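Residue numbers (my numbering): -7 to 280.
The structure under discussion appears below in the form of structure tokens.
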Amino acid sequence: MTISHFLAHTLLVQKNRFASKNQKWRNGMQGIYKAAQGMIYETMRIDIIANNLANADANGYKGSALQVTSTFDAELTQVLEEKMNVKPPSNISQNSELLVARYNIDFQQGPLKETNEIYDVGIAGRGFFGIQNVDGSTVFTRDGSFTTNDQGQLVNGQGLFVLDQSGQPIRIPNGVSELTIGADGRMFADDVEFSQLMLIDFEQNDPYPLGKVGGNLFEINDPNAQPIPLKATRGVSTIKQGFLESANVNVVHEMVNMIQTLRNFQGYQKTIQALDETVQLINDTAKQ
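See the structure below:
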């Protein structure tokens, strides 16, 4: 996630305005500029940490963090040129100390907890379940807390269809007295196989080509990435009926991060206040 185009353009204008001022004034304004970017970065971190903590008890939830990807000025140049069709000023720096960060999803497996519910399914290892989204597209999840609707179709907690290996909604046969889900996702009704869960993975997995769409669901965000059957990928995964994967969020770790982030934010805030007073003093002196 990049800084909004409006904010980016405003900061660039302010940056160039003070380019011709005296060195001390420029230093003060540059300090304010960088501290403001630090506050924006820490605000993003606070939002992410708060979301991680809010979902610490959600089945299959994957925590997020910020990953530095480029410098601010390099990112700004790309925004101006490619998305706003504006030529950047020739004096824009390509060596900015300010960094741009994007969301990074942690796909490490969370602990499996036993529920003994017949429709609860956990994946021990790699892979994702296939879910049919409201628009008909296929999305993916690690949250195997499934149930059935009034028509006997297998659905997730949002009522979305759970898909089989051919991409079709799974329907549980009527009058089943015993339902079993095997380690490979095959489903049996009274010892008779009737379906198999869609279980997919991606060759590209560091990072996975997936983005969050809400409800512990993920969609492909790389047009070149294609899901492949789990059995065709490296490694071994096991489907465990009667288990659910917990969130991979470490609450203590997130709380420590939150405290440190708030301290950083307050530090940047105090820096801006001090520099603002210095710049104001310089302005007042120049008027005399």
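Even for Gly, the Cβ is constructed at its ideal location relative to N, Cα and C.
Please read all numbers here as calculations on a predicted model, not as lab measurements.
Decide if Ala175 is buried, meaning its Cβ has at least 16 other Cβ atoms within 10 Å, or exposed.
-> exposed
Leaving aside the five residues before and after Ser229 along the sequence, list all residues of the same chain whose C-beta is less than 7 Å from its C-beta, in chain order.
-> Ile115, Ala116, Gly117, Arg118, Gly119 and Leu222
Tell me whether Ala42 sits in a helix, a strand or coil according to DSSP, three-state version.
-> Here Ala42 sits in helix by DSSP.
Out of Met21, Glu34, Gly20 and Val147, point me to the one whose CA is closest to Gly259's CA.
-> The closest CA to that of Gly259, considering only Met21, Glu34, Gly20 and Val147, is found on Glu34.
In three-state terms, what does DSSP make of Pro81?
-> Below a pLDDT of 50, predicted positions are generally treated as unreliable, and Pro81, at 48, falls in that range; the measurement from the model is reported next regardless. Looking at Pro81 - three-state DSSP - the assignment turns out to be coil, as it is neither helix nor strand.
C-alpha distance - Ala48 paired with Ala239, whole-angstrom precision = One C-alpha to the other measures close to 6 Å.
Considering only C-alpha positions, which residue in the set Gly55, Pro215, Ser169 and Gln100 is nearest to Ile110?
-> Comparing Cα-Cα distances from Ile110 to each of Gly55, Pro215, Ser169 and Gln100, the minimum goes to Ser169.
In angstroms with no decimal places, state the Cα-to-Cα distance between Ile24 and Gln252.
-> 21 Å
In chain order, what residues of the same chain lie with their CB nearer than 7 Å to the CB of Thr107, ignoring the 5 residues before and after it?
-> Excluding residues within five positions, the ones whose Cβ falls inside 7 Å are Gly234, Phe235 and Leu236.
Would you decide whether Lys54 is buried or exposed? Buried here means 16 or more other CB atoms lie within 10 Å of its CB.
-> buried
Which term fits Ile(-5), buried or exposed, when burial requires 16 or more other beta carbons within 10 angstroms of its beta carbon?
-> Here the model assigns Ile(-5) a pLDDT of 46, short of 50, so the residue's position is not dependable, and the following value carries that caveat. Per the 10 Å Cβ criterion, buried.
If we call anything under 7 Å between Cβ atoms a contact, is Gln150 one with Gln188?
-> Their beta carbons are not under 7 Å apart, which means Gln150 does not touch Gln188 by this criterion.
Could you tell me the distance, in whole angstroms, from the CA atom of Arg255 to the CA atom of Ile192?
-> 42 Å
What separation, rounded to the nearest whole angstrom, lies between the Cα atoms of Gln196 and Val271?
-> Each residue's alpha carbon lies about 50 Å from the other.
Could you give the residue range of the beta strand (DSSP E) that holds Pro195?
-> The question names Pro, but residue 195 in the sequence shown is Glu. Where Glu195 is concerned, there is no enclosing beta strand (DSSP E), given that its DSSP letter is neither H nor E.
So what does DSSP say about Val168, is it helix, strand or coil?
-> Shown here, Val168 sits in coil according to DSSP, grouped into three states, outside any helix or strand.
Is Leu152 closer than 7 Å to Met190 when the C-beta atoms are compared?
-> no
Whether Asn51 touches Thr133 by CB criterion (7 Å) | no
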